[in-house]
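Under the numbering used here, the first residue of the sequence shown is numbered 129, with each subsequent residue one higher.
Yeah, the Cβ is synthetic: ideal placement off N, Cα and C, and Gly gets one too.
First up is the structure itself, then whatever we jot down about it.
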Amino acid sequence: MVRTFFAFFVLYLLYMALVFVGMALLWKYAFEAGLSGSALAGVAGLALLILLLGAPIVLYVRNAQAPTRWQQQLFQSGQQASARIVKVQDTGLSLGNSDLSFVVRLTLQVNPEGQPTFEAQIELPVSRVAIPQVGQQISVKYDAARPLRVVMVPEDAGRRPA
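This is how it looks when you write it as structure tokens:
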């Protein structure tokens, strides 16, 4: 998740540069063509600039917490196992909403039934009031072909609403 954020950030900086260059060229050609710069055109240009710069951020934040395709497949067909949290690290990434405030990296000792124990890492958004603790037991699903691919099973995954 942190790598995804930094990749987005770099691409966003490039996108911003292209938007500014495009807007500057548009205003340059409008000035050279002798078009008058009315207040309405300035406001419309500023609104367009804000829209062009803000849209990628809104889309990223909206989709940042969505599980990837392989994570969705693991939720459906992954091997169930228990895991113990060995290490909790703050990644420094904050999502800025009230429910899931920041992203942590968990190092897990996964104990599949009848298989050797292995270590894996996952990154997930957590609430500041419900930070996972070292030693805590959680349920996970993992890919038998790629054991390092692990997803945490939410506590209420097997329960039906009353």
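Residue j beta carbon less than 9 Å from that of residue i
i	j	result
residue 246	residue 238	yes
residue 213	residue 234	yes
residue 216	residue 261	yes
residue 273	residue 236	no
residue 240	residue 270	yes
residue 154	residue 173	yes
Residue i - DSSP class collapsed to helix/strand/coil
i	result
residue 276	coil
residue 213	strand
residue 253	strand
residue 205	helix
residue 259	coil
residue 264	coil
residue 147	helix
residue 220	strand
residue 138	helix
residue 196	coil
residue 235	strand
residue 284	Since pLDDT at residue 284 reaches only 44, below the 50 mark, its modelled position is unreliable, and no value is offered.
Cβ shell of residue i (< 8 Å), same chain only, five flanking positions each side left out
i	result
residue 185	140
Same chain only: Cβ atoms within 7 Å of residue i, ignoring 5 sequence neighbours per side
i	result
residue 143	184
residue 198	277
Backbone CA spacing between residue i and residue j [nearest angstrom]
i	j	result
residue 282	residue 267	8 Å
residue 251	residue 188	17 Å
residue 147	residue 177	8 Å
residue 218	residue 258	13 Å
residue 195	residue 254	14 Å
residue 150	residue 175	15 Å
residue 156	residue 145	16 Å
Own chain, CB closer than 6 Å to residue i, minus 5 neighbours either side, in chain order
i	result
residue 201	none
residue 248	236, 238, 276, 278
residue 263	none
The stretch 269 to 278 / the stretch 193 to 211 touching (three or more Cβ pairs under 8 Å)
yes
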